[in-house]
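In what follows, a single structure is set out as structure tokens and then discussed.
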Amino acid sequence: MSRLRAPAGLIGRLVAILLLTVIIEFGISTLLYERASQFSVRDDEARRLAEHLVIVERLISERPFAERPGMAGELTTDRYLIRWSPAEPHSPAIAPTLDSMRAQVLAWEPALRTHSIRMWLVSPGRKSAVAGIMGLHDGSWLYFETLQPVTGLNLATERVLLALIPALGLMLIAGLLVRIVLRPLRRLAIAADRVGHGGEAHVPEEGPGEVVTVIRAFNRMQERIHQLIDNRTQALAAVGHDFRTPLARLRLRAEGVDDAETRGAIETDIGEMEAMIESLLAFLGGDSDPEPAVPTDVAILCETLVDDATDRGFDARYEGPVHLEMTVRPIGLKRAVGNLIENALHYGGNAVVTLSETPGGVMIGVADDGPGLPEDKLEEVTKPFVRLDSARPRDTVGFGLGLAIVARAVELEGGTLTLRNRPAGGLSAEIVLRRS
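Residue numbers (my numbering): 4 to 439.
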């Protein structure tokens, strides 16, 4: 026996959910509508109508056919409309029937059981009326209708509520079903965001056909990206090792050069090449992020960097608490703050490192008294391989990756890097880290 299967496509499943919801809502509303029509009429209205029909049937039956229309007009009151017809009047097919009220009418006047009576509701709403036809023994028919709205029905409010209750319930169920159908897409979005921040997340290949195709393509793309990163990291490690070996030999050979000026120039060039290799490896090898986040005393980290700068004869000072611990990647954060201090010392001649707690985390600031940066270049300098020669002299080593490495390290910590010119002159760099 074949098993019923849900539509494979995303569109098919959504259409199936909507169709099922509409069918169920229509069925429940129709059922409640009919039951409301049957049980909403008050008992006293049925009693008065039964009494009036007994009188009308007796008086009309005693008259000849020619006099019956006039008699029906005379029996019409301000409450009931009476019409006589030799043939059966047409009764609407879609009007709600009032079988319960008909049973009440026959219960009050058993003499009417020998007549064929049908009753229905006219203009359902606040001004609802009861209408019907009754067959006489001679084959003619009476049409009757209440001229005053039937009290006690409250069909407008009650039926709106009766229709809204199942509709709201079914909307909730449909929303849950749609949420289940779209759950694989939500997992895919979370995984994509994680991969975008350097993580790795395999998404189960399940759900509608179109979603499975997207997830499968995403997983394959993720595997290729990580394979490319691994290959690049291995290549960078090999290149770094291969470059350092001849550089070390050059440094040894430079020591054998008798001319001090020539030896100093060679050692300077070697140092510049080593700095370039180190900055390039630090930037390009950061995607793999092998360093775990551990509890770290950020205050000691910053103060150590400042002490190292002062030991080298630079003007640097630290302002902040003695101890401040938070969970960070210590090597990456130390490299980032160190790069900011080196930039401040080189371009501003001094560095002021501040550390303070914020409502949601920690703020590390590095300020200098240098020339600052053009306002339109404050964001551009954080991009890799960017050097603003017009603003600062090109007498530094490296590829211009210092601030790009800082931005990468701060991004891995989930923080933000902000550069701004100080009103009194100089540049201020602020790293804001949020506590997890």
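Beta carbons are placed, not taken as given, at the ideal position from N, Cα and C, and that holds for glycine.
Note that this is a predicted model, so its numbers are computed, not measured.
Asked, Found
"Run through DSSP, which three-state label would V206 get?", "coil"
"Exposed or buried, what is V25 when buried is set at 16 or more other beta-carbons lying within 10 Å of its beta-carbon?", "exposed"
"Starting from E77, follow the beta strand (DSSP E) in both directions and report where the run begins and ends.", "First-last for E77: R71 to L78, but that is the alpha helix (DSSP H), not the beta strand (DSSP E)."
"Based on Cα-Cα distance, which residue from V435, T419 and L381 lies nearest to R425?", "L381"
"Just to confirm before moving on: does the CB-CB distance between V297 and L358 stay below 8 Å?", "no"
"Would you check if the distance between the CB atom of P152 and the CB atom of A132 is smaller than 8 Å?", "yes"
"Is the beta carbon of R254 sitting closer than 8 Å to the one on I273?", "yes"
"Please name the residue in V325, T330 and T313 whose C-alpha comes closest to that of V355.", "T313"
"Report buried or exposed for T149, applying the criterion of at least 16 other Cβ atoms within 10 angstroms of its Cβ.", "buried"
"For D245, which of helix, strand or coil comes out of DSSP?", "helix"
"Taking G172 as the reference, which of R227, V413, A49 and I27 has the closest Cα?", "I27"
"For R423, does the three-state DSSP call read helix, strand or coil?", "strand"
"Evaluate the contact criterion for the segment 320-340 versus the segment 305-312: three or more CB pairs, one atom per stretch, below 8 Å.", "yes"
"Determine the DSSP secondary structure at P324, reduced to helix, strand or coil.", "coil"
"Does D141 pass the burial test, meaning 16 or more other C-beta atoms within 10 Å, or should it be called exposed?", "exposed"
"Would a C-beta distance cut-off of 8 Å place L145 and V57 closer than the cut-off?", "no"
"Rounded to whole angstroms, what's the CA-CA distance from A241 to P333? Just pull it up for me.", "25 Å"
"Classify V325: buried if its beta carbon has 16 or more other beta carbons within 10 angstroms, exposed otherwise.", "exposed"
"Beta-carbon within less than 8 Å of D196's beta-carbon, same chain only, minus the 5 sequence neighbours each way: which residues are those?", "none"
"Helix, strand or coil: how does DSSP classify L381 here?", "coil"
"Residues bridged to S431 by DSSP?", "A370 and R423"
"Could you have a look at E60 and say whether DSSP puts it in helix, strand or coil?", "helix"
"Find out if the Cβ-Cβ distance for the pair A407, T385 is shorter than 8 Å.", "yes"
"Using only alpha-carbon positions, find the residue among R266, G259, P249 and A263 that is nearest to M276.", "P249"
"Give me the Cβ distance between E433 and M366, rounded to the nearest whole Å; I'm assuming they're in contact under 8 Å.", "6 Å"
"Quick check on this structure: which residue in R82, L231 and L185 has the alpha carbon closest to the alpha carbon of E213?", "L185"
"Taking the beta strand (DSSP E) that V133 belongs to, which residues open and close that run?", "A132 to G138"
"Taking the C-alpha atoms as reference points, what is the distance between E328 and A204?", "30 Å"
"Taking 8 Å as the cut-off, does the segment 103-119 touch the segment 47-55 (at least 3 CB pairs, one atom from each stretch)?", "yes"
"Which same chain residues end up closer than 8 Å to L22 when comparing Cβ atoms and leaving out the 5 residues on each side of it in sequence?", "none"
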